[in-house]
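Below is one structure, written out as structure tokens; comments come after it.
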Amino acid sequence: MHRTQIYLDDRIFEFLEKERKKTHTPLSEIIRNSIKKNIKDNVDSIISKMNKVSGAWEKISISPNKYLRKMREDRLL
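Following our numbering, the numbering of the sequence shown begins with 41 at its first residue and continues without gaps.
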């Protein structure tokens with residue numbers, strides 16, 4: 041684990057203080073958990089988006105390169 045120092049504006053600090061008192065959890069743990077959740081949510085979102093486009097070219101008979109070439113010839117790209 042690494043140690044760091046951050047500066048928080050009053051509004052964020054007040055929120056964290058309320059959370060700390062309510063949950064009896066150290067500020068550092070509240071901040072770590074928030075960061076972990078944010079990272080996990082972002083990774084899950086990226087994976088979900090990748091799964092949606094995975095195999096997008098499977099049902100198309102033209103190769104992606106030929107498709108792009110045709111688009112450029114037609115000046116659409």
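The beta carbon of each residue, even a glycine, is placed where N, CA and C say it ideally should be.
How long is the line joining the alpha carbons of Ile-52 and Ser-103, rounded to whole angstroms?
Working through the sequence shown from its first residue, we reach residue 52 at position 12. Working through the sequence shown from its first residue, we reach residue 103 at position 63. Going by the C-alpha atoms only, they are around 51 Å apart.
Would you mind listing the alpha helix (DSSP H) stretches within the region 51-105 that are 4+ residues and don't spill past its ends, in chain order?
67-93
Under the assumption that Ile-70 contacts Arg-60 (Cβ atoms under 8 Å), give the Cβ distance between them as a whole number of angstroms.
Against the sequence shown, residue 70 aligns to sequence position 30. Against the sequence shown, residue 60 aligns to sequence position 20. Confirmed, Cβ separation roughly 6 Å.
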